[in-house]
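Residue numbers (the numbering used here): -4 to 409.
No residue lacks a Cβ here, since even glycine has one placed at the ideal position from N, Cα and C.
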Amino acid sequence: MSQSHTNGIPFLDLVSPHVELEAELTAVFHKALRTAGFIGGPMVEDFEKDFATFCETAHSVAVSSGTDALRFALMAAGVQPGDVVVTVPHTFIATTEAISQAGAVPEFVDIDARTYNLDPEKLLAYLENDCSKDASGRPISRRSGRPVTAVVPVHLYGQVADMDRILEIASRFGLMVIEDACQAHGAKYFSRKRNRWMTAGSMGRAAAFSFYPGKNLGACGEAGAVTTNDAGLAATVRMVRDHGQAKKYYHDVEGYNGRLDAIQAGLLHVKLKHLAKWNEQRQERAVNYQRLLEKMGGVVIPHEPAWSRPVYHLYVIRTADREALAEHLKAAGIGTGIHYPIPLHLQKAYAGMKLGKGSFPVTEAVAAQILSLPMFPTLTREQQVRVADEILRYLRRSSDAKEAGELAAVGSKR
Ligand SMILES: Cc1ncc(COP(=O)(O)O)c(C=O)c1O
-4 MSQSHTNGIP
6 FLDLVSPHVE
16 LEAELTAVFH
26 KALRTAGFIG
36 GPMVEDFEKD
46 FATFCETAHS
56 VAVSSGTDAL
66 RFALMAAGVQ
76 PGDVVVTVPH
86 TFIATTEAIS
96 QAGAVPEFVD
106 IDARTYNLDP
116 EKLLAYLEND
126 CSKDASGRPI
136 SRRSGRPVTA
146 VVPVHLYGQV
156 ADMDRILEIA
166 SRFGLMVIED
176 ACQAHGAKYF
186 SRKRNRWMTA
196 GSMGRAAAFS
206 FYPGKNLGAC
216 GEAGAVTTND
226 AGLAATVRMV
236 RDHGQAKKYY
246 HDVEGYNGRL
256 DAIQAGLLHV
266 KLKHLAKWNE
276 QRQERAVNYQ
286 RLLEKMGGVV
296 IPHEPAWSRP
306 VYHLYVIRTA
316 DREALAEHLK
326 AAGIGTGIHY
336 PIPLHLQKAY
346 AGMKLGKGSF
356 PVTEAVAAQI
366 LSLPMFPTLT
376 REQQVRVADE
386 ILRYLRRSSD
396 AKEAGELAAV
406 GSKR
């Protein structure tokens, strides 16, 4: 039976969690209206305290977006204008925007073909082969002639990058590590070095989180946070987000208007209480997909290394002709997404980098084949079975079509 659009499956359901929490969420508005505490104050501080606890860090500083969080973290960590900051080309452009807006220059290393995250061995190869050393032993990029001072691993799709190895390489070359944890609220990483599970955002010098509405913890608007164990860095972020002042009208530096609204902090605080449960629900749904899809030839499911407990911000499969599969699913009323179709080094915005096709082959191969399936805490098992059935139907049809094409070709040669 063909799937009608009336009972379609959305890529993301942002309405149900808000309807469920409506009374608590609207109470936040009433509180803010009655106290006129719109900027800063206890609602922001309470959220910061509990988000730091959730991330197992000493501090969290709420800011106006994930992009600002990353920019402020880089600045507060001491990245200087003109420094090179290394990251991956397979991420959302906000990662490199934040680097550029901190005055630094992004340079790329390729990703791992299985986790889709920064490949530590490629970082090492970059530092050994694509950099020289100055008199004090600092790596200098041969490409730009600038000092390389930081690396930004992106915990893409909710899976932490291999932080032990990245931290080890970074420390050998004197680089700071700032985590882009914008998609990884609550993701866990087993550190072989420390012999314990650690939480995304607690391993680098600082980390950036986004609370964009579709994230695992999403605001009802724009929001972000920096987490860190460094009290000085947290204080600098607090100052930078608030026009460079620690005391009203005493401006130590020029800063930004990068504060978080109290209402958003209050809404996030209500939702934070549910985040661990929502993450578990996403993990259960990932197990369902795995069981439904793993034996289907023609699709590659996400790889979970033994040291990783991802929170599945996105559930991303790979397949040879993902446009055709996406079209098939769309016709069946099933929403999908592509995160992200064009690697950053091939974006028009970065044409000036003069990095052509073939510069980062793993990223390019992955970007051409990925497809994000519906993933949200209230996705039902029946909906997942339907998604899997439609994928199977598509695969069967395309292999039949291929076989028919081959037979026709053989026939025409006779
Ligand atoms: C990997 C990554 N980095 C940075 C950001 C920027 O976050 P925001 O949209 O809150 O500025 C996002 C979110 O969109 C992201 O997914």
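**Request:** Report whether the distance from the Cβ of Gln178 to the nearest heavy atom of ligand 1 is below 6 Å.
**Result:** With a cut-off of 6 Å, the C-beta of Gln178 is classified as near ligand 1, since at least one heavy atom of the ligand falls inside that distance.
**Asked** Quick one: what does DSSP say Trp192 is sitting in, helix, strand or coil?
**Response** Trp192: strand per DSSP, three-state reduction.
**Prompt:** Quick one, are the C-beta atoms of Ala97 and Val74 less than 7 Å apart?
**Reply:** Using a Cβ distance threshold of 7 Å, Ala97 and Val74 count as a contacting pair.
**Prompt:** Below 7 Å between beta carbons: does that hold for Phe206 and Ala195?
**Reply:** No; because the gap between Cβ atoms is not below 7 Å, this pair is not in contact.
**Asked** Would Asn112 be called buried (16 or more neighbouring beta carbons within 10 Å of its own) or exposed?
**Response** So Asn112 counts as buried.
**Prompt:** Thr223 to Glu123, Cα distance in whole Å?
**Reply:** In a straight line, the C-alpha of Thr223 is about 29 Å away from that of Glu123.
**Item:** Range of the contiguous beta strand (DSSP E) that encloses Asp175
**Value:** Here the beta strand (DSSP E) through Asp175 covers Met171 to Asp175.
**Prompt:** Nearest CA to the CA of Ser303: which residue from Asn190, Ala182, His246 and Leu212?
**Reply:** Ranking the options by Cα distance to Ser303, first place goes to Ala182.
**Item:** Check whether Asn190 and His308 have beta carbons under 7 Å apart
**Value:** No, the pair does not count as a contact, with Cβ atoms beyond the cut-off.
**Message:** Suppose you measure from the CA of Ile161 to the CA of Arg233; what does that come to, to the nearest Å?
**Reply:** Our two residues, Ile161 and Arg233, have alpha carbons roughly 27 Å apart in a direct line.
**Asked** Between the C-alpha atoms of Thr314 and Ala22, what's the straight-line distance to the nearest angstrom?
**Response** Spanning the two alpha carbons is a distance of roughly 46 Å.
**Prompt:** If we call anything under 7 Å between Cβ atoms a contact, is Glu385 one with Leu324?
**Reply:** Yes, they are a contact pair.
**Asked** With distances taken from CA atoms, which of Val221, His269 and Arg317 is nearest Thr373?
**Response** That would be His269, whose Cα lies nearest to the Cα of Thr373.
**Request:** Taking only beta-carbon positions, decide if Arg109 is within less than 7 Å of chain D.
**Result:** Of the protein chains in this structure there is only one, and it is not chain D.
**Request:** From the DSSP output, read off the bridge partner residues of Gly332.
**Result:** According to DSSP, which records beta bridges pairwise, Gly332 is partnered with Ser367.
**Message:** Please classify Ser(-3) as buried or exposed, where buried requires at least 16 other C-beta atoms within 10 Å of its C-beta.
**Reply:** Below a pLDDT of 50, predicted positions are generally treated as unreliable, and Ser(-3), at 39, falls in that range; the measurement from the model is reported next regardless. Counting Cβ neighbours within 10 Å, Ser(-3) comes out exposed, since fewer than 16 surround it.
**Asked** Thinking just about the alpha-carbon of each residue, which of Val294, Ala260 and Ala321 is nearest to the one in Asp45?
**Response** Comparing Cα positions, the closest option is Ala260.
**Item:** Gly61: CB within 6 Å of a non-hydrogen atom of ligand 1
**Value:** For Gly61, the shortest separation between its Cβ and any heavy atom of ligand 1 lies below 6 Å.
**Asked** Hey, Gly3 and Ala257 are a contact pair by Cβ (cut 8 Å); roughly how many whole angstroms apart?
**Response** No, Gly3 and Ala257 are not in contact; Cβ-Cβ is about 37 Å, not under 8 Å.
**Prompt:** Hey, Gly253 and Phe6 are a contact pair by Cβ (cut 8 Å); roughly how many whole angstroms apart?
**Reply:** Between Phe6 and Gly253 the Cβ distance is about 30 Å, and since that is not below 8 Å, they are no contact.
**Request:** Return the CA-CA distance between Ser127 and Gly169, expressed in angstroms with no decimal places.
**Result:** Answer to the nearest angstrom: the Cα atoms are 14 Å apart.
**Request:** Give the single residue among Leu263, Val235, His264 and Glu102 whose Cα lies nearest to the Cα of Gly250.
**Result:** The shortest Cα separation from Gly250 among Leu263, Val235, His264 and Glu102 belongs to Val235.
**Prompt:** Taking buried to mean at least 16 other C-beta atoms within 10 Å of its own C-beta, is Leu402 buried or exposed?
**Reply:** Classification for Leu402: exposed.
**Item:** Anticipated Cβ contact below 8 Å, Leu339 with Asp175, distance rounded
**Value:** Contact flag wrong, Cβ pair sits at about 13 Å.
**Request:** Decide yes or no for the touch test of the region 26 to 33 against the region 46 to 61: beta carbon pairs closer than 8 Å, at least 3 of them.
**Result:** Inter-segment contact for the region 26 to 33 and the region 46 to 61 is absent: fewer than three beta-carbon pairs are separated by less than 8 Å.
**Request:** Assign Gln154 to one of two classes, buried (16 or more other C-beta atoms within 10 Å of its C-beta) or exposed (fewer than that).
**Result:** Here Gln154 is buried, its C-beta having at least 16 other C-beta atoms within 10 Å.
**Spatial neighbours of Lys117 in its chain, beta-carbon cut-off 7 Å, leaving aside the 5 residues before and after** = Correct list, in chain order: Val104 and Asp105.
**Asked** In terms of residues, what are the limits of the beta strand (DSSP E) holding Lys44?
**Response** Note, Lys44: premise wrong, no beta strand (DSSP E); alpha helix (DSSP H) at Pro37 to Cys50.
**Option in Pro336, Ile34, Lys397 and His238 with minimal Cα separation from Glu359** = For Glu359, the closest of Pro336, Ile34, Lys397 and His238 by C-alpha to C-alpha distance is Pro336.
**Request:** Just the C-alpha distance for His238 and Asp129, rounded to the nearest angstrom, thanks.
**Result:** For His238 and Asp129, the gap between their C-alpha atoms comes out near 35 Å.
**Prompt:** So which of Asp63, Glu19 and Ala31 has the shortest CA-CA distance to Leu255?
**Reply:** Answer by Cα proximity: Asp63.
**Item:** Residues of its chain near Asn274, where Cβ-Cβ distance is below 7 Å and the 5 sequence neighbours each way are ignored
**Value:** Residues of the same chain with a CB within less than 7 Å of the CB of Asn274, apart from the 5 flanking positions on each side, are Gly181, Asn211 and Val306 in chain order.
**Request:** Measuring alpha carbon to alpha carbon, tell me which of Gly292, Ala201, Val100 and Thr231 ends up nearest Ala383.
**Result:** Put simply, of Gly292, Ala201, Val100 and Thr231 the residue whose alpha carbon is nearest the alpha carbon of Ala383 is Gly292.
**Message:** Rounded to the nearest angstrom, what separates Ser131 and Met158 at their Cα positions?
**Reply:** Each residue's alpha carbon lies about 26 Å from the other.
**Message:** Can you tell me which residues form a DSSP beta bridge with Ser127?
**Reply:** Secondary-structure assignment with DSSP links Ser127 through a beta bridge to Ile135.
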